[in-house]
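To start, the structure under review is shown below, and the notes come after it.
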Amino acid sequence: MTRGLSGAASAARSTSLLHPLPGLDLPPCLPDQLARLPTRITTLPNGVRVASEDVPGPTACVGVFVASGSIHESPESAGATHLLEKLAFKDTAHRSHMQIVQEVEATGGNVGASASREQMVYSYDTLKAYIPQAVEVLLDSVRNPLFIQDEVDRQLALTREEVQEVQKNPEKFLQEVLNLVGYEGAIANPLIAPEEALEIINADIIRKFYHENFTADRVVLAASGVDHQQLLDVAEPLLSDWHKGSPVETPKSTYTGGDFRHKAESDMTHVALAFEVPGGWLKERDATIMTVIQTLMGGGGSFSSGGPGKGMHSRLYLRVLTRYHDVQSFSAFSNVYDSTGLFGIYLTTPPDFVAKAVDIAVQELIAIATPGQGMRCSLFG
1 MTRGLSGAAS AARSTSLLHP LPGLDLPPCL PDQLARLPTR ITTLPNGVRV ASEDVPGPTA
61 CVGVFVASGS IHESPESAGA THLLEKLAFK DTAHRSHMQI VQEVEATGGN VGASASREQM
121 VYSYDTLKAY IPQAVEVLLD SVRNPLFIQD EVDRQLALTR EEVQEVQKNP EKFLQEVLNL
181 VGYEGAIANP LIAPEEALEI INADIIRKFY HENFTADRVV LAASGVDHQQ LLDVAEPLLS
241 DWHKGSPVET PKSTYTGGDF RHKAESDMTH VALAFEVPGG WLKERDATIM TVIQTLMGGG
301 GSFSSGGPGK GMHSRLYLRV LTRYHDVQSF SAFSNVYDST GLFGIYLTTP PDFVAKAVDI
361 AVQELIAIAT PGQGMRCSLF G
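Here the sequence shown is numbered in full-length UniProt numbering, starting from 1 and rising by one per residue.
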């Protein structure tokens, strides 16, 4: 028995894996370029747009995108967007929060909501077989929220805790402050609800903001992995009576630049250095180039020597983190909006090295835009 196993192992070692095994039929190679799945879009009479791509696979995702965010808030409604995110998938006119939870669990699904400065997103992931149920629950949650004051009070308490945590997190704090310092106008409105706003906001304010901004002409229902006609058959009866709002002018914002310094209880100094990307997503080519540059520059933290996904071989890792041991983290970042955006470098360093670190960041931003300053990075060291 032992000799037999040894002989089999020797035979296996002598068989080269550089060539296909005898008698093995190889599957045909995929073409260099796969045909892109078509995106089908239908605009309903009330202005709601329904978009879908029938991506192969067993699962599907459907989402509602609403062109409403903190840029649409007034001083009286400050914090409404943040609270709407917290109140997603709570009690509606047709379901309690517990019923929604039970129906989502019955489909093996997952729901979520996120808020940004320019839009709200509600999503539902599930198996394709449950798309009719998913669309119905999703649209009920988006269209018919009750905003019960007791629930609002509970979410306000949680939001206060979240705001305090953000203030203790330098990176999140600086990302929020960047817009306040860099812009005048709507983009400067805080996405994280200000503490003073949390003392004023209530169910009536949230309800008023919702009805003014969640109108049919500002809504997109999008799905991946769903047949377009099937999506229309399910969604159109649920969307057709959504009221269309009056034309709304996009709130104005002007990039001004600026400087902000905040004394924090930390051994490290955190810096975000950024500049405007004019045009934002409206200039799609420029926004795409910026995304490529961000990936090229990369970055990381000195606590890790690399590994899958940690940016060891990115431009900033090789040029900065491996050369300057006082720099604890050094990464490119971007925030892109409809008509403007920010691109820059976020870094962490001891206070006595901050001036040098900022100078390095400026040099790296200049170098990436200077012909002849590019570099080739080995994928394997």
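Beta carbons: idealized from backbone N, C-alpha and C, even for Gly.
Range of the contiguous beta strand (DSSP E) that encloses residue i
i: Tyr-122; result: 120-127
i: Ile-345; result: 341-349
i: Ala-67; result: Unbroken run through Ala-67: none, as it is neither H nor E.
i: Glu-53; result: 49-53
i: Ala-272; result: 269-276
i: Val-248; result: Careful: Val-248 lies outside any beta strand (DSSP E) and carries neither H nor E.
i: Ala-197; result: Element bounds for Ala-197: not the beta strand (DSSP E) but the alpha helix (DSSP H), 195-198.
i: Asn-110; result: 110-115
i: Ile-41; result: 40-43
Backbone CA spacing between residue i and residue j [nearest angstrom]
i: Gly-112; j: Asp-153; result: 21 Å
i: Gln-363; j: Asn-110; result: 45 Å
i: Ala-35; j: Asp-286; result: 25 Å
i: Ser-331; j: Pro-237; result: 47 Å
i: Ala-264; j: Pro-170; result: 8 Å
i: Gly-311; j: Cys-29; result: Only weak support exists for where Gly-311 lies, its pLDDT of 46 falling under 50; the value from the coordinates is given anyway. Those two C-alpha atoms are separated by around 31 Å.
i: Thr-148; j: Lys-90; result: Note that residue 148 is Ile in the sequence shown here, rather than Thr. If I take the Cα positions, the gap works out to 9 Å.
i: residue 382; j: Val-55; result: A query on residue 382 cannot be resolved here, the shown segment of the chain reaching from 1 to 381 and no further.
i: Val-135; j: Glu-103; result: 12 Å
i: Gly-108; j: Ala-88; result: 19 Å
i: Gln-155; j: Lys-86; result: 6 Å
i: Leu-272; j: Val-320; result: Here residue 272 is Ala; the residue named in the question, Leu, does not match the sequence. Cα to Cα, the separation comes out at about 16 Å.
i: Leu-379; j: Thr-322; result: The pLDDT assigned to Leu-379 is 39, lower than 50, so where the model puts this residue is not dependable; a value taken from the coordinates is nonetheless given after this. Those two C-alpha atoms are separated by around 16 Å.
i: Ser-74; j: Ile-192; result: 14 Å
i: Cys-256; j: Thr-42; result: Reading off the sequence, residue 256 comes out as Thr, not Cys. Taking the straight line joining both Cα atoms gives about 39 Å.
i: Gly-57; j: Ala-129; result: 11 Å
i: Gly-245; j: Ser-77; result: 19 Å
i: Ser-240; j: Pro-247; result: 19 Å
i: Tyr-324; j: Tyr-337; result: 33 Å
i: Leu-17; j: Thr-126; result: 41 Å
i: Leu-365; j: Ser-339; result: 22 Å
i: Arg-160; j: His-211; result: 25 Å
i: Ala-157; j: Lys-208; result: 21 Å
Residue span of the alpha helix (DSSP H) that contains residue i, given as start and end
i: His-211; result: 203-213
i: Ser-141; result: 131-143
i: Leu-221; result: Leu-221 -> not in any alpha helix (DSSP H); beta strand (DSSP E) instead, spanning 219-224.
i: Arg-285; result: 284-297
i: Phe-173; result: 170-182
i: Val-336; result: Element bounds for Val-336: not the alpha helix (DSSP H) but the beta strand (DSSP E), 329-336.
i: Val-358; result: 354-368
i: Thr-81; result: 80-86
i: Val-101; result: 97-106
i: Ala-235; result: 228-239
Short CB-CB distance (under 7 Å) between residue i and chain E
i: Phe-260; result: In summary, chain E is missing from the structure at hand, where a single protein chain is found.
Beta-carbon spacing of residue i, residue j below 7 Å
i: Gly-341; j: Gly-299; result: no
i: Val-62; j: Ala-274; result: no
i: Val-66; j: Met-120; result: yes
i: Pro-145; j: Thr-215; result: no
i: Ile-131; j: Val-226; result: yes
i: Gly-97; j: Asp-140; result: The sequence given here places His at residue 97; Gly does not occur at that position. Not a contact, by the Cβ cut-off of 7 Å.
i: Ile-187; j: Leu-83; result: no
i: Phe-260; j: Val-354; result: no
i: Thr-250; j: Thr-349; result: no
i: Arg-117; j: Gly-69; result: yes
i: Ile-345; j: Ala-361; result: yes
i: Gln-167; j: Phe-173; result: yes
i: Val-64; j: Val-142; result: yes
i: Met-297; j: Val-277; result: no
i: Leu-231; j: Ser-52; result: yes
i: Ala-115; j: Thr-81; result: yes
i: Glu-266; j: Gly-185; result: The question names Glu, but residue 266 is Ser in the sequence shown. Result no, Cβ atoms of Ser-266 and Gly-185 do not sit closer than 7 Å.
i: Ile-71; j: Asn-189; result: yes
i: Gly-301; j: Ser-329; result: yes
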